[in-house]
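Take the sequence shown: its letter number 280 is residue 295 in the working numbering, and every next letter is one higher.
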Amino acid sequence: MQKLILAINPGSTSTKIGLFRDYEPVLIKNIEHDRAELAVFPDLPSQKEFRLSYVLETLKEAGVEVKELAGVVGRGGLMPVLETGGYMFNDVMKEWITAERGGSHASNLGSLMADLVAREADCNAYIYDSVAAGELPEIAKITGYPEIRRKSLSHVLNSRAQSILYAEKIGKKFEDLNIIIAHLGGGISLSVYEKGILKDSVGDDNGPFSPERAGLAPLMDFVNTFFDKGVEKAALKKKMRGAGGLMAHLGHTDFKKVEDDANAGCEKSKLLMDAMGYNIAKSIGSLAAVVSGKVDAIIITGGLARAKGFTADIAARVGFIAPVEIAPGEYELEALAAGCLRIINGEEKAKRLINITDDGFGITEIV
Numbered sequence: 016m017q018k019l020i021l022a023i024n025p026g027s028t029s030t031k032i033g034l035f036r037d038y039e040p041v042l043i044k045n046i047e048h049d050r051a052e053l054a055v056f057p058d059l060p061s062q063k064e065f066r067l068s069y070v071l072e073t074l075k076e077a078g079v080e081v082k083e084l085a086g087v088v089g090r091g092g093l094m095p096v097l098e099t100g101g102y103m104f105n106d107v108m109k110e111w112i113t114a115e116r117g118g119s120h121a122s123n124l125g126s127l128m129a130d131l132v133a134r135e136a137d138c139n140a141y142i143y144d145s146v147a148a149g150e151l152p153e154i155a156k157i158t159g160y161p162e163i164r165r166k167s168l169s170h171v172l173n174s175r176a177q178s179i180l181y182a183e184k185i186g187k188k189f190e191d192l193n194i195i196i197a198h199l200g201g202g203i204s205l206s207v208y209e210k211g212i213l214k215d216s217v218g219d220d221n222g223p224f225s226p227e228r229a230g231l232a233p234l235m236d237f238v239n240t241f242f243d244k245g246v247e248k249a250a251l252k253k254k255m256r257g258a259g260g261l262m263a264h265l266g267h268t269d270f271k272k273v274e275d276d277a278n279a280g281c282e283k284s285k286l287l288m289d290a291m292g293y294n295i296a297k298s299i300g301s302l303a304a305v306v307s308g309k310v311d312a313i314i315i316t317g318g319l320a321r322a323k324g325f326t327a328d329i330a331a332r333v334g335f336i337a338p339v340e341i342a343p344g345e346y347e348l349e350a351l352a353a354g355c356l357r358i359i360n361g362e363e364k365a366k367r368l369i370n371i372t373d374d375g376f377g378i379t380e381i382v
């Protein structure tokens, strides 16, 4: 019997939902929210009921009863560091996300909203391939600051799904390949999978700048520029995420406009676009070292992968490492629903978060 799965993927001003009957999409909807209406909420977690009302109304208009759902899955958000795969949402996760202990991000709402729907539907709520998922070896976690251990923060959901699709496309198993994948969107992240395991990543705060994020900068200059001038923590975090990158340089985050302006002869737009691509290529090169240069493929995905000239320049810089595959767009709703279905059908084991270490690493068990 086919199962009805609801996938929820919130963005800063939108909530994407996908309703699937097994693997087949029944309804895909991007619900846009008014910025002014969202602005009245003190934080992101407090938006969950407001956004959920639109989701439930959309389901009602489609003639779908919540009780029909076999499972609900939400974008994992900034969870503690977890292994890749699916997790049953529980109170340990709820407390972490509601308190924004891993940081504030719209994707945090996915699990909270899934939990509310699942309670009404009398089924389980899940997350799948959380932003903070990754199996980094100990050597990759060590920094020059004993107080700070590296964590993997990347667009795991789309990146892992696109890597699996690529493996299927060439007739091989994901678990047999070494793949570097760059997700290029409003935020940019890169990751390397060694034989199907996420071994390292470059996140939005230690890699290339993006349309709205500042990326990596020399630490001493960072200290001298901001700390010595007394910039408040909240303002500084905004500069890093939301008001950095192209937004800081050009006053907007429209990459298509940057591309068009560059092609029309705007030297500043051309330089910024080239600089972003240059830094993406550098990060790809650094991840190749993780697997000693034994890379089977480099995949460029996400919304910015539609910019052909931009991706061609990146491919020209890194093509000596491995073949480059361009896979524009995102596969997030489909990946969420497919993961949830595999768990419900018993094809994959779900995990449960049972505790969190002081430095933010999750302790889990198989459900």
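Backbone N, C-alpha and C define an ideal beta-carbon position, used for all residues, glycine too.
Which same chain residues end up closer than 7 Å to Gln62 when comparing Cβ atoms and leaving out the 5 residues on each side of it in sequence? Leu53, Phe56, Leu124
Length-filtered (3 minimum) beta strand (DSSP E) runs lying within the stretch 320-362: 339-343
Whole-angstrom Cβ separation of Ile196 and Ala129, contact assumed at under 8 Å? No, Ile196 and Ala129 are not in contact; Cβ-Cβ is about 25 Å, not under 8 Å.
Under the assumption that Val96 contacts Gly377 (Cβ atoms under 8 Å), give the Cβ distance between them as a whole number of angstroms. Rounded, the Cβ-Cβ distance is 6 Å, consistent with contact.
Taking C-alpha atoms, which residue in Ile371, Asp269, Val382, Tyr346 lies nearest to Gly361? Val382
I think Glu209 touches Val306, with their Cβ atoms under 8 Å apart; what is that distance to the nearest whole Å? 5 Å
Classify Pro223: buried if its beta carbon has 16 or more other beta carbons within 10 angstroms, exposed otherwise. So Pro223 ends up on the buried side.
Give me the Cα-Cα distance between Leu74 and Arg256, rounded to the nearest whole angstrom. 33 Å
State the beta-bridge partners of Val88 as determined by DSSP. Ala22, Tyr141
Inter-stretch contact (C-beta, 8 Å, three-pair minimum) for the stretch 281-291 and the stretch 236-243: Below 8 Å, too few C-beta pairs join the stretch 281-291 and the stretch 236-243 to call them touching: fewer than three.
Which residues does DSSP pair with Lys31 in a beta bridge? DSSP lists Asn24, Asn45 as the beta-bridge partner residues of Lys31.
May I ask you to report which of helix, strand or coil DSSP gives Ile185? coil
Secondary structure of Phe376, DSSP reduced to three states: strand
Simplified DSSP assignment, three categories, for Ala365: The answer is coil: DSSP assigns Ala365 none of H, G, I, E or B.
Could you check what DSSP says for Asp243 in three-state terms: helix, strand or coil? Under the three-state reduction of DSSP output, Asp243 falls in the coil class, being neither helix nor strand.
Below 8 Å CB to CB, which residues in the same chain sit around Lys271 once its five sequence neighbours on both sides are set aside? For Lys271, where only same-chain residues beyond five positions count, the Cβ hits under 8 Å are Ala322.
Identity of the residues DSSP links to Arg256 by a beta bridge: Arg228
Can you name the start and end residues of the beta strand (DSSP E) that Gly317 belongs to? 312-317
Could you check which residue in Lys254, Gly245, Ala85, Glu183 has the C-alpha nearest to that of Leu231? Lys254
Tell me the rounded alpha-carbon separation between Leu168 and Leu151. 11 Å
Checking the sheet assignment: what are the DSSP bridge partners for Asp215? Val207
If we ignore side chains and look at the alpha-carbon of each, how far apart do Gln177 and Cys281 end up? 34 Å
Cβ neighbour criterion (16 or more within 10 Å) applied to Ser68: That one is exposed.
Less than 9 Å between the beta carbons of Ile341 and Thr316, yes or no? With contacts defined by Cβ atoms closer than 9 Å, Ile341 and Thr316 form a contacting pair.
Close Cβ partners of Ala182 (< 7 Å) along its chain, the five nearest in sequence each way excluded: Lys188, Phe189, Leu192
What is the rounded straight-line gap between the Cα of Gly33 and the Cα of Tyr160? Those two C-alpha atoms are separated by around 42 Å.
Answer yes or no: do Gly202 and Asp219 have a C-beta to C-beta separation smaller than 9 Å? yes
Any idea what DSSP makes of Val55, helix, strand or coil? coil
For a test of the three-state rule: what should DSSP assign to Ile163, helix, strand or coil? coil
By DSSP, does Glu115 sit in helix, in strand, or in coil? coil
Backbone CA spacing between Leu251 and Arg228 [nearest angstrom]: In a straight line, the C-alpha of Leu251 is about 12 Å away from that of Arg228.
Spatial neighbours of Thr379 in its chain, beta-carbon cut-off 6 Å, leaving aside the 5 residues before and after: Lys366, Leu368
Which of the three DSSP states, helix, strand or coil, is assigned to Val146? coil
Own chain residues within Cβ distance below 6 Å of Lys44, not counting five before or after: Ile32, Thr73
Among Asp37, Pro60, Glu64, which has the Cα closest to the Cα of Ala114? Pro60
Look at Tyr143 and Gly211 and say whether their C-beta atoms are less than 9 Å apart. no
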